[in-house]
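Just below is one structure, and these are the notes that go with it.
Residue numbers (full-length UniProt numbering): 1 to 293.
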């Protein structure tokens, strides 16, 4: 009988081969590969964690609010304009949101994205600025109306005015990926004011959705296919900053709330958190995150 077959008396691996294997496992190259793999795994976890957190910068960021409606035939160009900031806005200090109002709904087409709270917010911002009339499309930049938004030089000038100023508030935002078997994500937003602010402040969180399409069958846009980005589906606030700080924590269930329909995919969603001066409507600071996967 071949002695190598008698495992109780001899090792299955020849001594010299086993020795070479041990030396190979202990070699600097193998140890370096193992270390690199461990660091890569740790780095990937840290990168994923960093992607789920955001903190506002030292300078102000411009919150751009578009008040729109699918029943308004002058709104699609404004919707398209806002959509161009969907991905490039962060680099320019621009955070865009589309808020669909409901006062067009009685004129032939019911906008499925409209919410009465957005009509109320538009009226509040107008009242705080001393105005009387609300209309669509209307643009507010950090709480102040900008009628000349379609002129690039005018919009750029307003954004520059905002981003050139130091922030009067800090916003930290963290999103948790959905639990197994759920369709949604957790939101934890923290807001802190600077000592220079004496007016009452409110905190808000907005959940938006991208890549939306509607086939309009009535009203001014009858027969048109409309495309939307950054449409606000859920609005949380106002939450007053007590003692200079506030926190908003929510579990966003995309298939069970007014945030979306049951076919919604988390990768189409994002969250915006901002602080507003309750006396003037001025948005002091804002930050955003896409939903974590």
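Just so you know, even glycine gets a beta-carbon here, dropped at the ideal spot from N, CA and C.
On a predicted model such as this, the values are computed, not experimentally measured, just so you know.
| field | Nearest neighbour of residue 277, chosen from 286, 184, 269, 271 [CA to CA] | value | Along the chain shown, read from residue 1 onward, the residue named residue 277 stands at position 277. The shortest Cα separation from residue 277 among 286, 184, 269, 271 belongs to 286.
| With respect to the beta strand (DSSP E) encompassing residue 188, which residues constitute its N-terminal and C-terminal limits? | Here residue 188 corresponds to residue number 188 of the chain shown, with the count starting at 1. Counting along the chain, the beta strand (DSSP E) containing residue 188 begins and ends at 184 to 193.
| query | Pick from 247, 268, 227, 59: whose alpha carbon is nearest that of residue 165? | reply | By 1-based counting over the chain shown, the position of residue 165 is 165. Closest in C-alpha terms to residue 165, from the list 247, 268, 227, 59, comes 59.
| field | Buried versus exposed, by CB contacts within 10 Å (16 or more), residue 241 | value | Position 241 of the chain shown holds residue 241. It is buried - the Cβ of residue 241 has at least 16 other Cβ atoms within 10 Å.
| task | Would you mind reading off the limits of the alpha helix (DSSP H) that contains residue 80? | result | Along the chain shown, one-based indexing puts residue 80 at 80. First-last of the alpha helix (DSSP H) with residue 80: 75 to 83.
| message | Could you give the first and the last residue of the continuous alpha helix (DSSP H) run that contains residue 127? | response | For the purposes of this step, residue 127 is taken as residue 127 along the chain shown, with counting starting at 1. From DSSP, the alpha helix (DSSP H) with residue 127 extends over 116 to 128.
| Is there contact here, the stretch 129 to 140 with the stretch 56 to 75, by at least three beta-carbon pairs under 8 Å? | Taking 8 Å as the limit for Cβ pairs, the verdict is that the stretch 56 to 75 does touch the stretch 129 to 140.
| query | Would you say residue 232 and residue 125 are within 8 Å of each other, going by their C-beta atoms? | reply | Taking the chain shown and counting its residues from 1, one reaches residue 232 at position 232. Taking the chain shown and counting its residues from 1, one reaches residue 125 at position 125. No, these two residues do not count as a Cβ contact at 8 Å.
| Going by other Cβ atoms of all chains shown within 10 Å of its Cβ, with 16 needed for buried, is residue 122 buried or exposed? | Along the chain shown, one-based indexing puts residue 122 at 122. That one is buried.
| request: Would you identify the three-state DSSP class for residue 163, choosing helix, strand or coil? | output: Position 163 of the chain shown, counted from the first residue, corresponds to residue 163. Note: residue 163 maps to helix in three-state DSSP.
| task | Give the straight-line distance between the Cα atoms of residue 107 and residue 194, rounded to the nearest whole angstrom. | result | Position 107 of the chain shown, counted from the start, is the residue given in the question as residue 107. Position 194 of the chain shown, counted from the start, is the residue given in the question as residue 194. If you take the alpha carbons of residue 107 and residue 194, they lie about 45 Å apart.
| Does the stretch 176 to 192 come close enough to the stretch 102 to 118 to have 3 or more Cβ pairs within less than 8 Å? | Too few Cβ pairs lie closer than 8 Å, so no.
| Taking C-beta to C-beta, are residue 221 and residue 86 nearer than 8 Å? | Indexing the chain shown from 1 puts residue 221 at position 221. Indexing the chain shown from 1 puts residue 86 at position 86. Their beta carbons are not under 8 Å apart, which means residue 221 does not touch residue 86 by this criterion.
| Pick from 238, 281, 272, 91 that is closest to residue 163, judged by C-alpha positions | For this step, residue 163 is matched to residue 163 along the chain shown. Each of 238, 281, 272, 91 was checked against the Cα of residue 163, and the nearest Cα belongs to 91.
| Thinking C-alpha only, which one of 53, 69, 161, 52 is nearest residue 226? | Reading the chain shown from its first residue, position 226 is the one you call residue 226. Taking only the C-alpha atoms, the option nearest residue 226 is 69.
| Straight-line Cα distance separating residue 135 from residue 74 | In the chain shown, the residue the question calls residue 74 occupies position 74. In the chain shown, the residue the question calls residue 135 occupies position 135. If I take the Cα positions, the gap works out to 11 Å.
| said: Tell me the residue span of the beta strand (DSSP E) that contains residue 225. | reply: In the chain shown, counting from the first residue as 1, residue 225 sits at position 225. Taken as a continuous stretch (DSSP letters only), the beta strand (DSSP E) holding residue 225 covers 225 to 228.
| request: Drop a sphere of 10 angstroms on the beta-carbon of residue 273, count the other beta-carbons inside from all chains shown, and report buried for 16 or more, exposed for fewer. | output: Taking the chain shown and counting its residues from 1, the one referred to as residue 273 is at position 273. Per the 10 Å Cβ criterion, buried.
| request: Put residue 153 into one of helix, strand or coil per three-state DSSP. | output: Within the chain shown, residue 153 is the residue found at index 153, counting from 1. Residue 153: helix per DSSP, three-state reduction.
| field | residue 55 to residue 217 span [Cα, whole Å] | value | Position 55 of the chain shown holds residue 55. Position 217 of the chain shown holds residue 217. Straight-line measurement puts the Cα of residue 217 at about 42 Å from the Cα of residue 55.
| query | Does DSSP put residue 92 in a helix, in a strand, or in coil? | reply | Counting from 1 along the chain shown, the entry for residue 92 is found at position 92. Here residue 92 carries a helix assignment [DSSP, helix/strand/coil].
| Which class does residue 221 belong to by DSSP, given the choice of helix, strand or coil? | Mapped onto the chain shown, residue 221 falls at position 221. In the structure shown, residue 221 sits in coil (DSSP, three-state: anything other than H, G, I, E or B).
| field | Minimum C-alpha distance to residue 288 - residue among 207, 213, 235 | value | Residue mapping note: residue 288 aligns to position 288 of the chain shown, counting from 1. 207 is the residue among 207, 213, 235 whose C-alpha sits nearest the C-alpha of residue 288.
| Whose CA, out of 168, 161, 120, 53, lies closest to the CA of residue 103? | On the chain shown, position 103 is the one that residue 103 refers to. Comparing Cα-Cα distances from residue 103 to each of 168, 161, 120, 53, the minimum goes to 120.
| request: Spatial neighbours of residue 175 within its chain, please: CB distance less than 7 Å, with the 5 preceding and 5 following residues excluded, ordered by chain position. | output: Residue 175 sits at position 175 when you count from the first residue of the chain shown. Once the five neighbours on either side are set aside, the close Cβ partners of residue 175 are 52, 185, 186, 187, 271, 289, 291, 292.
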